[in-house]
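Please read the structure below before turning to the comments.
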Amino acid sequence: MNQKTIIKLIELYCYVYDIYDSRLAYSVQLFSNNCLPKFTDEEIITIYLLATLQKQYTKKAVYKYAVNHLIEYFPNMPSYQAFNNRLNNLHEAFRELTCILTSIFTNKFSSIIENIVDLFR
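In terms of the numbering used here, the sequence shown opens at residue 64 and continues consecutively.
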């Protein structure tokens, strides 16, 4: 993996870790009595987002990408079945993450869009 992708991975993980703790954890129901899993929800979300950025759009493709390119950074990668089950259980976290990101981008770019519109008036 090239240096740029490694930096992107680290930044993405840090962002997901922070947002998970502050907002996403409340929308995820625990389906296990194991509150300290070896492979965390934050890791699953990070892998899914990074793989999607690498144009891996199916769960199977995401998992293959992770095994082939990210295993060094996520050594406790579970089996495909376990990964898929955990990913499915995080659907509410992804819904909340989508709302958060939409809000951030709307706020961040709304002034830029207004300025562009003003240029054409």
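Glycine included, each C-beta is placed from N, C-alpha and C at the ideal position.
| Query | Result |
| --- | --- |
| In whole angstroms, what is the alpha-carbon distance linking Phe-137 and Phe-102? | 8 Å |
| How long is the line joining the alpha carbons of Arg-184 and Cys-77, rounded to whole angstroms? | Note that Arg-184 scores 47 on pLDDT, short of 50, meaning its location in the model is unreliable; the coordinates nonetheless yield the value given after this. Between Arg-184 and Cys-77, the C-alpha separation is close to 41 Å. |
| For the alpha helix (DSSP H) that contains Ala-145, what are its first and last residues? | 143-152 |
| Along the chain, where does the alpha helix (DSSP H) containing Ala-124 start, and where does it finish? | 122-128 |
| Taking 8 Å as the threshold, find out whether the region 65-77 comes into contact with the region 105-114 through three or more Cβ pairs. | yes |
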